[in-house]
Amino acid sequence: MKNFKLLLFGILLSTSFTMFAQQTVKGIVKEKTSGDPLPGVSVVVKGTTKGTETDFNGNFKLDKVNTGAILVFRYLGYADKEITIGTEVNLTVELTESSEQLDEIIVVGYGTTTIKDATGSVEAITAKEFTKGNIVTPENLLNGRVAGVNITTSGAPGSGSEITIRGGSSLSASNAPLIVIDGLPVTNNGTAGSRGILSSINPADIESFSILKDASATAIYGSRASNGVIIIVTKKGKSVFSLDYDYQYSAGEVLDRINVFSADEFRNLVNSQPISGTTLDTSLLGNANTNWQDEVLQNTVSTQHNITAKGSLFNKIPTRLSVGFSEQQGGIITSEFDRANVSLAMNPSFFEDHLKVSLNYNRAFTNSRFAAGGIGAALRYDPTQPVRAAGPYGGFYQHYTGGSSDFVLANGGTNPVASLLQNNNTGKSFRQYGNLNLDYKFHFLPELKFVVNVGFDRTEGSYISNGSVLGPRSFNTVVVGNNSYGNQNRHNELLDSYFNYTKEFNNIKADITAGYSYQEFTGDGFNSGNLNDPNSSRDTYVNTPEVLIGFFGRANFTFLEKYLLTLSYRRDGTSKFSSENRWGNFPAVAAAWRISDEDFLKDSDVISNLKLRASYGITGQQDISNPEIYLTTYRFGNSNSQFLFDGNAIQSTIPQPFNPDIKWEETTTLEFGLDYGLFDNKVSGTLGVFQKNSNDLLFDTPIADGTNFTNNITRNIGELQIQGVEFSLNSDVIKTDDIDWNLNFNATYIDREITSIPLGRDLNVGSIAGGTGATIQVQREGFAPNSFYVYKQLYDANGAPIEGAYADLTGDGIVNADDRYIKDNGLADVTLGFQSNFNYKNFDLSFNLRASIGNYAYNNVNSSTAQYALLQDQQVLGNIPTSVLDYNFRNTADVISSDIYLENASFLKMDNITFGYTINPLIKKFSGNSIRLWAGVQNVFTVTNYSGLDPEIFNNGIDNLNFPRSRTFLLGANIKF
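Right under this line is the structure:
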């Protein structure tokens, strides 16, 4: 018995020592699918702040870990993994891609968080969730994917996009979100010769997007965050060598046309003399049968090549190097866009991961040829005339006078094919941008780190405009042809630095950040003038430097892993305002409650995640075109602007308009949201309601003549309110070893209203073609911005519209401007997005749908050209749309403001559908290698009742011929070595 007691005591004693022993745990973390090591994986002892990260070979080491402790492994885009430490201390950990991504790391302003811990409205989109298809510019990776984000892109090759988040926040200042690339905020202003700020970025280099919507998420960016923030994170290096090659070939065709009269129909129409009191000269009719739209449009061929190498440089520096080439033709002849990209990323760590270095450097070269106005000229040109003819105009037909063969008839239009082929308008840009980020975790206090981020963005743009001397000229033009060139340089330099302190105190976890930001924008350029014209002069300019200085802080607190609080504050100064108005204060607060972690829900089989959140904050806007408007300034006139004094030519100086009282536009946002997950997060999403109130709106308003050297100036006026509801749903419909089917749906409702305008005065906006100074929209208190402002059309007993007859809405017996009324606006009430990704074994099928409901369009093509009087185009004949047969209107001026041209432009679009097959190697040694072959269609179909070329319109719903969008067929291959 005594020996038995001793034995029992020994067992208990050894068990106790084992249970409370501390040991060193080490191992490697790999990606389960490829077997590649994962650098930068967070390894933390659960319930503490003790932890480390894997090095560039995926290895980690953690000292003094208790037996029975739980290690949590966390990495962007992958599901968290927890391992309980027993006797095995040399671990091999495999992480799998996360489907519900509740613990996915999200990049936010000056830091990171997780979906689970986010208190604001933040959405992360990683590479596997990107919109697929013929993606040339990066913003289209998000198209239709995120609730509240609307992206409108024209059909021009490499075209920039109009991006808004939650309807913007301003009237005439910028409504574009702030774009941040690897911590570097970039300006939305492009350069001469380029197609836009995002056109030089290769979408293949992007790892993820973070979309910050509400003020609690955006306020830390303060002065530029009123319209939301899009944070772009580019791909980084890995320690294991890999080589990828992606190829894409596309062929496109513009299918839709504006319906105009064919040559035979045009002859019959002219011969019928449809204009009462005017006799058309039928001798001007030709014998050709030309479809001018077919002549200026072309089938397109485009290619993309991307080569990416990843590996460890000198066995110490994880590195990624990528080279990309894109060649894209536009649907209008001569239109094209070429881009070459080089991207380098290095992300080593030193001193046992206490110092992390991230270096990103990008170079982009773009070449563009621009083809503007082709469709508009084509629909008006006489279809009975040939494209080519003998004569002095380089083999092209042109209208000309009998007296002088090299004169074109005044206002008679020129051959649209000749205009495109004989004018060479090209642009080039060279852009280089990047940043160096140093993240140092103090040895003596590992909870504290100091981060310095230095970035730059420099673009050199140039353009050449050559018009052939063989082209025609009007009767009063002395110089034939154009020969001009110019350039523009833009520089953006950034310095950010901040401290971050993370510590857990019993049941409270604190994450505190405080820092400073300095950013400067400069630029210069010149225009040569027309070198063919001896009276034309060169114009050189230097932009006034623009400086932004910010002090910012943020504190995140988590109580009992269930209650979350975020406080943030930024104080920004801008050089665009006077010293009295220069500084703005932008606070924000947000709170969240993880209800699903409460005892009454944590064991639920249905509700796996439920978080209630609320936020309030203020953000700013200072994006005006004139950075020195608050100063009294003069500028020199050009060389032609001179006066004689005592026989000497003196260059003039011209006083500039100024407003010393200009100040910040501010937007206050209140939001309530609910994040949910059902059935082990197989179904997840968000529901949010928000209200934004913008005060002291920056708006270009008219002023009395003679009071300020201009008739229009930027002032702070009025208030704007935007209210909305957002809903998103993500579902893993089927998830087995062979089948993986994921669906994503999002919906957004937005209501916009101008709540205040000084003195209640209407502001007419929305310039249109068809009349000098004509407008079709208004800013009016109590209505949506840019509401259409029209006359109510009257109809006869047979339902036919009566030309120039409008309803007397005021009832005073007189029809005048007071009888115009507001009818709808160009922005949708509801936008919808739907995405499906289906995988069966090695096959994959995906498609995207978008819908826009409640948006109206003013058909300015019909309103300015579909009238019989325009058959007589000054001294020649001109074609008109066949829609004139529906209205039988004669004069443009009598009908251009009629509500008959307002149409419901709601639509449903399938943006793309893609089908692919992946070939995996049979030999396990090469398991990381694969070949994916795929095919797809872009711009598959559009369902709409709108009669115009395309219901998706820029310019607040005024349709004056956007660049046509092609339907594109795609073939591609993704090869991994």
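With the first letter of the sequence shown counted as 1, position 9 gets the number 1 in the numbering used here; the numbers rise by one all the way through.
Where a beta carbon is used, it is the ideal one built from N, C-alpha and C, also for glycine.
DSSP bridge partner residues for residue 247 (one or two, in chain order): Per DSSP, none; premise fails for residue 247.
Every unbroken beta strand (DSSP E) within the region 556 to 639, with a cutoff of 3 residues, ordered by chain: 575 to 586, 599 to 613, 626 to 628, 634 to 637
3 or more residues per run - each beta strand (DSSP E) lying fully within the region 844 to 884: 848 to 851
C-beta atoms of residue 683 and residue 662 nearer than 8 Å: yes
Identified DSSP bridge partners for residue 433: 441
Host alpha helix (DSSP H) of residue 750 (start-end): Here residue 750 belongs to no alpha helix (DSSP H), and DSSP marks it neither H nor E.
Among 194, 347, 507, 265, nearest to residue 357 - alpha-carbon criterion: 194
Alpha-carbon to alpha-carbon, residue 728 and residue 598: 20 Å
Supposed close pair residue 209, residue 33 - CB separation, criterion 8 Å: About 25 Å; that fails the 8 Å criterion.
Cβ neighbours of residue 566 in the same chain (closer than 7 Å, five flanking residues each side left out): 215, 540, 574, 614
Cβ separation of residue 53 and residue 44, assumed to be a contact under 8 Å, to the nearest whole Å: 7 Å
Of the residues 711, 696, 912, the one placed nearest residue 660, counting alpha carbons only: 711
Reduced DSSP secondary structure (H/G/I, E/B, other) of residue 740: strand
Alpha carbon of residue 314 to alpha carbon of residue 297, nearest angstrom: 10 Å
Separation of residue 159 from residue 743, as counted between CA atoms: 9 Å
Separation of residue 218 from residue 681, as counted between CA atoms: 17 Å
Assigned exposure category for residue 92 - 16 Cβ within 10 Å defines buried: Here residue 92 scores only 47 on pLDDT, less than 50, and its place in the model should not be relied on; the value that follows carries that caveat. Buried, by the Cβ-count rule.
Straight-line gap, residue 483 to residue 837 (C-alpha atoms, nearest Å): 43 Å
Outcome for residue 221 when other beta-carbon atoms lying within 10 angstroms are tallied against a minimum of 16: buried
Same chain, Cβ closer than 7 Å to residue 110, five either side skipped, listed in chain order: 98
Beta-carbon contacts of residue 997 that lie in its chain and below 7 Å, excluding the five residues immediately before and after: This structure does not reach residue 997, given that the chain is present from -7 up to 969, and the question cannot be answered.
Same chain, Cβ closer than 6 Å to residue 474, five either side skipped, listed in chain order: 457, 459, 522
Within 8 Å, strictly: CB atoms of residue 589 and residue 554: yes
Rounded C-alpha distance that separates residue 440 from residue 509: 19 Å
Where residue 120 sits in the DSSP three-state scheme: helix
Presumed contact (8 Å Cβ cut-off) between residue 376 and residue 258, rounded CB distance: 6 Å
DSSP state of residue 285 mapped onto helix, strand, coil: helix
Proximal residues to residue 940 (C-beta, below 6 Å), its chain only, five neighbours per side dropped: 851, 951
Contacts around residue 112, its chain only, beta-carbon distance under 6 Å, and the 5 residues preceding and following it disregarded: 206, 208, 209, 582, 607
Contacts around residue 871, its chain only, beta-carbon distance under 7 Å, and the 5 residues preceding and following it disregarded: 252, 253, 258, 371, 372, 373, 374, 375
Runs of beta strand (DSSP E) wholly within the region 337 to 412 (minimum 3 residues, chain order): 347 to 361
Residue from 319, 363, 311, 388 whose Cα sits closest to the Cα of residue 350: 311
Cα-Cα separation, residue 636 to residue 956: 51 Å
Cβ-based burial, residue 369 [other Cβ within 10 Å; buried from 16]: buried
Buried or exposed by the 16-neighbour rule on C-beta atoms within 10 Å, applied to residue 805: exposed
Alpha helix (DSSP H) segment containing residue 210, residue limits: 207 to 210
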